[in-house]
Amino acid sequence: MSLLDVRDLTVRFSTKKGPVLAVDGLSYHLEPGEIVSLVGESGCGKSVGIMSLLGLQGPQAEISGSARFDDQELLGASERKLRLVRGKQVACVFQDPMSSLNPVVTVGKQVAEVLRRHRGLSAAKARLRVIDLFERVGIPAPAQRYASYPHEMSGGMRQRVMIAMAIACEPRLLIADEPTTALDVTIQAGILELLKELRDGTGMAVLLVTHDLGVVADIADRVIVMYAGRKVEEAEVRALFNDPQHQYTRRLLEAIPQRGGGRDRRLHGIPGTVPTLRDSPDACTFSERCAIASERCHTARPGFAEAGPGQAVSCWHPGAQTAPAVKGAVR
Amino acid sequence: MRFLARAGSALITLLIAVAVVFLGVRALPGDPAVALVGQEGDPAALEAVRQQYGLDLPITVQFVKYLEQIVTGNLGTSVRTGMPVSEVIAGAIPVTLELAVVAISVAVAIGVTTGVIAALGRGKATGWLVSVGALIGLSIPAFWLGIMAILVFAIMIPILPASGFVPIDVDPVAHVTHLVLPALVLGSAFAAVIMRQTRAAMLEALTTDYVRTAIAKGLSRRQVVVKHALRNSLVVVATVVGLQLGTLIAGAVVTEQVFVIPGFGKLMIDAVTTRDYPLIQGVVLITATAYIVINLLTDLLYSLLDPRMRIMSGGSA
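Going down the list, the sequences are from chains U and F. Each step along the first sequence adds one to the number in full-length UniProt numbering, with nothing skipped, and position 64 is 64. Each step along the second sequence adds one to the number in full-length UniProt numbering, with nothing skipped, and position 280 is 280.
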């Protein structure tokens with residue numbers, strides 16, 4: 001049985017201009033100890049999708065579908081029930097460790113709070129455990145750091161505090177929303193290494209949201225590519241990099257800067273922007289930006305089909321290397 | 001270090017305030033000597049008075065003399081009562097200070113509580129009710145509210161004294177009962193301001209990332225609101241309290257007048273209506289000093305509430 005089984009998750013926001021479809025029928029699953037990465041451009045719904053699992057999305061969000069964590073339904077669960085899951089069984093690390101930590105409370109206390117809440121530890125016991133945790137996540141001089149305020153630490157150290165907070169109660173699932181995006185490149189590797197180590201040591205699963213395929217290649221076991229609120233491709237990390245099936249995945253991979261190739265080598269962007277979905281259209285959401293889009297791509301929504309072992313794609317022309325000779329001729 | 005710099009700048013501000021008061025009083029229409037001796041005064045008597053008060057000296061010399069006086073704690077002599085100005089003021093200040101402290105405490109307690117309720121009840125009936133209540137509290141002038149309070153609680157339902165002041169060593173119970181209505185009246189507008197600021201600060205704090213972190217930790221709603229959102233909002237509230245203390249002095253003027261309380265505010269009005277120039281000068285000077293000291297204390301309170309301010313104060317990180 002999967003640790004997390006998300007089925008047909010749909011998140012709709014009501015805005016002044018009408019409802020916006022942030023996540024459209026997203027399904028995926030996560031096995032214990034697995035690192036799965038949700039990848040996509042900004043605004044593709046990846047963050048909203050995972051925030052809604054713990055009821056952390058805004059009050060304007062309208063959510064449907066199902067998300068079973070260890071056989072309990074998370075979507076639509078009461079706050080009381082969710083509080084027992086949050087921080088204890090499912091923990092979060094967010095993008096910006098500066099704004100995610102309370103500026104007026106010492107970092108030690110912020111971590112201790114989780115232990116006192118879920119483990120009922122006394123202040124003194126929690127303190128000792130926090131110092132252990134700080135040591136474990138690689139914070140130097142952990143006992144002194146206990147009394148530091150967030151602004152007195154570097155970005156990388158703050159993120160380590162966030163991670164210490166997340167693993168304090170040995171959760172079975174860690175949700176990491178762009179955990180390295182706000183950090184220097186040199187710091188990023190250390191944080192990713194730490195996440196991997198923690199996974200290996202504790203067997204917790206990690207759901208990693210990122211737009212950075214470099215991060216994905218480093219750490220993920222399996223990848224889910226999202227575009228405009230929908231899953232467009234899912235594959236083992238190796239398969240995804242070696243043999244991308246969806247045109248969007250292909251373009252994403254081409255957009256990664258490469259070494260070599262001389263001055264003439266140009267960085268490839270993807271023309272156009274992610275559309276804002278007002279409703280679920282009868283078309284491939286990527287068709288407007290796709291170089292090989294056929295007529296069918298504009299009029300019918302492709303289903304999700306097996307494209308190889310452990311690989312599936314939502315595309316009418318999976319694996320196409322180049323633009324088809326005659327637009328719209330391929331079936 | 002930084003505190004010294006801050007204190008130094010406060011001192012300069014105070015010096016400027018003294019100069020403004022000094023020049024302001026002298027710029028007022030009318031000659032103080034004439035005010036003392038009378039319109040029909042004998043020129044020789046006028047001259048004598050001018051000499052007595054040093055009014056015949058160049059204005060710069062007068063200013064230096066005035067500064068010397070202030071530094072030695074001499075604020076001059078009240079023209080009306082013949083008592084030293086410092087003594088007159090010293091007698092009135094404790095009364096106002098007590099009234100202000102009680103009013104602020106009441107206002108902070110009511111303002112912060114209702115502010116949190118309003119923020120949490122946003123878009124619901126409770127939030128709306130509290131907001132409207134605050135708007136009413138803000139809109140009602142203190143003198144009208146004071147008169148209405150007397151009418152209701154002293155005359156229609158006579159449970160509290162209508163006016164006056166009883167020193168604590170004379171009758172402690174009467175002392176307290178006499179303070180209830182003035183403190184509530186003085187604090188009401190203040191409470192409304194604090195409520196609005198608390199509400200705004202809370203609404204902002206509740207959307208921050210660190211509050212999301214607190215929720216994601218599995219904390220209870222009360223823990224999230226009090227330990228994380230409110231703790232940060234208090235920095236804003238402290239600023240407002242600091243800034244509004246000046247307004248509170250202005251409010252005390254009216255409140256003391258309505259309730260006939262022999263405090264600083266009543267002294268101020270009496271000094272102006274009787275053209276008691278040395279007393280006006282002293283009262284304004286003390287008010288300015290109080291303002292500056294309060295601002296200094298507010299700054300100190302910040303660093304207590306917000307550790308980030310401490311790093312800016314030049315301490316090592």
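Beta carbons: idealized from backbone N, C-alpha and C, even for Gly.
Note: U:C92 is bridge-paired with U:I175 in the DSSP secondary-structure output. For chain F, none of the residues of the stretch 126-146 of chain U brings a beta carbon within less than 9 angstroms of one of its beta carbons. Residue environment: U:E234 is assigned as buried (16 or more neighbouring CB atoms within 10 Å of its CB, all protein chains considered). With respect to the C-alpha of U:T299, the residue from U:C169, U:A283, U:F13 having the closest C-alpha is U:A283. If you draw a straight line from the Cα of F:A290 to the Cα of F:H228, it is about 33 angstroms long. Shown here is that no member of the stretch 273-285 of chain U has a Cβ falling below 9 angstroms from a Cβ of chain F. In terms of CA proximity to U:G58, U:S14 leads the group U:I163, U:E34, U:G33, U:S14.
Across the set U:R278, U:S66, U:S287, the C-alpha of U:S287 shows the shortest separation from the C-alpha of U:G272. For the pair U:R68 and U:V6, the CB atoms are nearer than the 9 angstroms cut-off. Below the 9 angstroms Cβ cutoff, chain F contributes no neighbours of U:K46, its closest Cβ being approximately 16 angstroms away.
At least 9 angstroms separates the CB of F:I117 from every CB of chain U. Distance from the CA of F:L203 to the CA of U:Q89, rounded to the nearest whole angstrom, comes to 29 angstroms. Contacts with chain U at 9 angstroms (Cβ-Cβ) include F:H228. Within its own chain, the residues whose Cβ lies closer than 8 angstroms to the Cβ of U:M226, once the five positions on either side in sequence are excluded, are L26, L38, V39, G40, C44, G45, K46, G49, V232, listed in chain order. Counting other Cβ atoms within 10 Å of its Cβ, U:D177 reaches 16 or more and is therefore classed as buried. Across the structure, U:E254 and U:G308 are spaced so that their CA atoms are roughly 21 angstroms apart.
Contact annotation: U:H317 and U:S294 have beta-carbon atoms nearer than 9 angstroms. Scanning chain F for C-beta atoms nearer than 9 angstroms to the C-beta of U:R117 yields K217, G218, L219, S220, Q223, reported in chain order.
Pairing F:T273 with F:V61, the inter-Cα distance amounts to about 29 angstroms.
Relative to the Cα of F:V235, the nearest Cα in the group F:L304, F:P84, F:L297 belongs to F:L304.
What U:L54 touches in chain F, judged by beta-carbon distance under 7 angstroms, is A216, going in chain order. The count of Cβ pairs closer than 8 angstroms, one atom from the stretch 179-194 of chain F and one from the stretch 251-263 of chain F, reaches three, so the stretches are in contact. At a cut-off of 9 angstroms between C-beta atoms, U:Q110 counts as an interface residue with respect to chain F. Counting only the Cα atoms, U:T285 lies some 12 angstroms from U:L21. Contact check for U:L240 against U:M204 fails: the beta carbons are separated by 9 angstroms or more.
Collapsing the DSSP output to three states places F:I280 in a helix. The beta carbon of F:A118 is closer than 6 angstroms to those of G127, V130, S131, R199 in its chain, skipping five residues each way along the sequence. When the Cα atoms are used, F:L181 and F:V237 turn out to be separated by approximately 24 angstroms.
Here F:L267 is buried: its Cβ has 16 or more other Cβ atoms, across all protein chains shown, within 10 Å.
Contacts with chain U at 9 angstroms (Cβ-Cβ) include F:T208.
For F:D306, the nearest beta carbon of chain U is closer than 9 angstroms to its own beta carbon. Interface flag for U:M162 against chain F is set, since a Cβ pair is found closer than 9 angstroms. For U:R172, the closest Cβ of chain F is not nearer than 9 angstroms. Counting of Cβ neighbours within 10 angstroms places F:K217 among the buried residues, the total reaching 16 or more.
Cβ-Cβ distances below 7 angstroms link F:F153 to I159, L160, L181 in the same chain, with the five nearest sequence neighbours on each side left out; the list follows chain order. Contact of U:R222 with chain F is not assigned, every C-beta pair being separated by 9 angstroms or more.
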